[in-house]
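Report on the following structure.
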Amino acid sequence: MSQVKESTAKLTGVAETLTITLYARSVETLRQDAILKDEKAVEIAEKLDYDFEKYSQGWASQLGCVIRARVYDRAVSNFLQTHPTAIVVNLGAGLCTRFFRIDNGEVQWYEVDFPEVIELKRKLVTPSDRYQLISSSLLDAAWISKINRAEDRPVLMIMEGVSMYLTASEVRTLFQQIHQQFSPVEMLFDVLSSKRAKNTQAHDTVSKTNAQFSWGIDNSQELETWNVGIRVKEEIYYLTEFAKYPHRLQPWWLKYLTPILVPLYKKSGRILRVEIA
Numbered sequence: 000m001s002q003v004k005e006s007t008a009k010l011t012g013v014a015e016t017l018t019i020t021l022y023a024r025s026v027e028t029l030r031q032d033a034i035l036k037d038e039k040a041v042e043i044a045e046k047l048d049y050d051f052e053k054y055s056q057g058w059a060s061q062l063g064c065v066i067r068a069r070v071y072d073r074a075v076s077n078f079l080q081t082h083p084t085a086i087v088v089n090l091g092a093g094l095c096t097r098f099f100r101i102d103n104g105e106v107q108w109y110e111v112d113f114p115e116v117i118e119l120k121r122k123l124v125t126p127s128d129r130y131q132l133i134s135s136s137l138l139d140a141a142w143i144s145k146i147n148r149a150e151d152r153p154v155l156m157i158m159e160g161v162s163m164y165l166t167a168s169e170v171r172t173l174f175q176q177i178h179q180q181f182s183p184v185e186m187l188f189d190v191l192s193s194k195r196a197k198n199t200q201a202h203d204t205v206s207k208t209n210a211q212f213s214w215g216i217d218n219s220q221e222l223e224t225w226n227v228g229i230r231v232k233e234e235i236y237y238l239t240e241f242a243k244y245p246h247r248l249q250p251w252w253l254k255y256l257t258p259i260l261v262p263l264y265k266k267s268g269r270i271l272r273v274e275i276a
């Protein structure tokens, strides 16, 4: 008897984009030369009733997602090495499986996302005392009251693949709420350049959904002028790592252009590590 798969019919608009990153990690795991291994992603993808095939030609997005995920994994792991009992809040978590990849046995982990996303996720993973799922839009401050903040436990917030779907005003409001309720807090999130954010239809996988990019930023230091307590500590140009995998580039001759393309496109997507105090 074939397994009845979980419906993804409620995943529309921005919520549907979680399938892109899940697909990227699951197909990467099945490669012999995998950059990232995520057996949980494979397990979840197999349980979903979804047409992942529509992303099969999106090689650049697939490679970019796993490179980005690995950078996040390393950054969060580094934080936990220094603060093993920290609180990690994963905003717009989707079907992220990072907790299962890097859990140190002590971290308190929260994941926040739309009600329809959390409803689906509860069918696919098992929450626990240290791994909790919160059903809420990031723009509804109600999620904040559900975080059990302990003064002796540092907080790290991560927001992977989310900021570009918010407007500048929404991003600013979110940071203001975090500043008021959580500071001091460290945060990792990725951004697009303003040019990239204006061209959703050119994206090889997001263009296959109804989601649209809304916000991008070219000068990260601009965030420090928002009066929400932000200090930019690091910019990580993860797209430069494409040059490490010339055999993955398509068409094949693209590998010969990497010395030109990497500097040209490295700022189009980057991860920021900031302090909000």
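Taking numbering that gives the first Met the number 0, the leading residue of the sequence shown gets 0, the next gets one more, and so forth.
Backbone N, C-alpha and C define an ideal beta-carbon position, used for all residues, glycine too.
Query: Which runs of the beta strand (DSSP E) spanning at least 3 residues fall entirely within the stretch 135–163, listed in chain order?; Result: 154–158
Query: With DSSP as the reference, label Glu-274 as helix, strand or coil.; Result: strand
Query: Given Arg-247, which residues of its chain have a CB within under 6 Å of its CB, disregarding the five upstream and five downstream residues?; Result: Leu-62
Query: Span of the beta strand (DSSP E) holding Lys-39?; Result: No beta strand (DSSP E) contains Lys-39, which is instead part of the alpha helix (DSSP H) from 38–45.
Query: Tell me, to the nearest whole angstrom, how far the beta carbon of Val-87 is from that of Val-75; I am working on the premise that it is less than 8 Å.; Result: 7 Å
Query: Should the stretch 160–168 be regarded as contacting the stretch 235–254, the criterion being three or more beta carbon pairs within less than 8 Å?; Result: no
Query: By the three-class DSSP mapping on this structure, what secondary structure does Lys-197 have?; Result: coil
Query: Starting from Val-70, trace the alpha helix (DSSP H) in both directions and tell me its first and last residue.; Result: 58–81
Query: Give me the Cβ distance between Asp-203 and Gly-57, rounded to the nearest whole Å; I'm assuming they're in contact under 8 Å.; Result: 4 Å
Query: Go through its chain and collect everything with a Cβ distance to Phe-181's Cβ below 6 Å, but skip five positions before and after it.; Result: Val-154
Query: Please report the distance separating the alpha-carbon of Arg-148 from that of Thr-257.; Result: 45 Å
Query: If distances are taken between C-alpha atoms only, which option among Lys-46, Ala-68 and Asp-50 comes closest to Lys-36?; Result: Ala-68
Query: Taking the C-alpha atoms as reference points, what is the distance between Phe-241 and Ile-66?; Result: 8 Å
Query: Residues in its own chain within less than 6 Å of Thr-172 by CB, not counting five upstream and five downstream?; Result: none
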